[in-house]
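Colleague: Structure in structure tokens, see below.
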Amino acid sequence: MFKTQNLTLRAWRDIDIKSFRNMMQDLEVMEFIPQEYMICGDAASNIKLFNEHLNQFGYTIFACELKESGEFVGCAGALQRSVDEQNTIKETIISFYMSRAYWGLGLAIEAIQKCFEIIFQDSCIDSVVGYTSTLNLRSQKVMQKLGMKKVQNITLLHPKLPPDHRLAPHVKYCISRGEYRINLLELHQPL
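Mapping to my numbering: the sequence shown position 17 is 95, numbers consecutive.
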């Protein structure tokens, strides 16, 4: 369990299944996630995957709840994933989903900043990436606020979507361990 100013990031519990499923069935929350590739195809299976990843790597896509009330607000974190067909190239990829009632409060940024701290201080991972649809300006803005840089001149096609699907074109953002440390130093500089 990890704490931020407003959140508790924790392992998933069976009681989270309903809240997770409800959030992932919200069409606005899932606006840029094609139905063909929903992360929550089966909420219980995903929760099991997230907890197994936590046990193996020390980080995951965490359940996020308000520290004061314990209310489920969404999920955020990262998973290590293969990005090639041979499963030889792995990346640590961030993911964040917040219930609509909590949009615009900076909670996704707060949660992912904590995940960066966990990943960069407690593992040998050199960089973290994020992918999103070229249409998803909200997620791109979150990644920019996190200090992630857009990988220039690269528009990728989602591997599980037809090339002409409106959500197929994706952009990639990245932050290295060094960039993360520089961002931390800049945050703590006196004005």
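A virtual CB, placed ideally from N, CA and C, is assigned to each residue, including glycine. Quantities reported herein were computed from a predicted structural model and do not represent experimental measurements.
Check residue 244 in the structure and name its three-state DSSP category.
Modeller: Note: residue 244 maps to coil in three-state DSSP.
Colleague: Skipping 5 residues on each side, what residues in its chain have a beta carbon closer than 6 Å to that of residue 235?
Modeller: Once the five neighbours on either side are set aside, the close Cβ partners of residue 235 are 241 and 246.
Colleague: What residue from 151, 93 and 146 has the CA that sits closest to residue 125's CA?
Modeller: Nearest C-alpha to residue 125: 93.
Colleague: With which residues is residue 80 paired in a DSSP beta bridge?
Modeller: Looking at the DSSP assignment, residue 80 forms a beta bridge with 87.
Colleague: Could you tell me if residue 202 is buried or exposed, where buried requires 16 or more neighbouring beta carbons within 10 angstroms of its beta carbon?
Modeller: Counting Cβ neighbours within 10 Å, residue 202 comes out exposed, since fewer than 16 surround it.
Colleague: Straight-line CA distance for residue 264 to residue 225?
Modeller: If you take the alpha carbons of residue 264 and residue 225, they lie about 11 Å apart.
Colleague: Contact criterion: CB-CB distance below 8 Å. Does residue 138 meet it with respect to chain B?
Modeller: Reference to chain B is not applicable here, since this structure consists of a single protein chain.
Colleague: Can you list the alpha helix (DSSP H) stretches of 4 or more residues lying completely in the stretch 178-237, in chain order?
Modeller: Those alpha helix (DSSP H) runs which fall completely within the stretch 178-237 and span 4+ residues are 185-200 and 215-223.
Colleague: If you reduce the DSSP assignment to three classes, tell me which class residue 148 lands in.
Modeller: Residue 148: coil per DSSP, three-state reduction.
Colleague: Could you tell me whether the stretch 207-221 touches the stretch 242-261, using the rule of 3 or more Cβ pairs below 8 Å?
Modeller: Result yes; three or more Cβ-Cβ pairs closer than 8 Å.
Colleague: According to DSSP, simplified to helix, strand and coil, what is residue 264?
Modeller: Here residue 264 sits in helix by DSSP.
Colleague: Tell me residue 158's beta-bridge partners as DSSP assigns them.
Modeller: Partner(s): 170.
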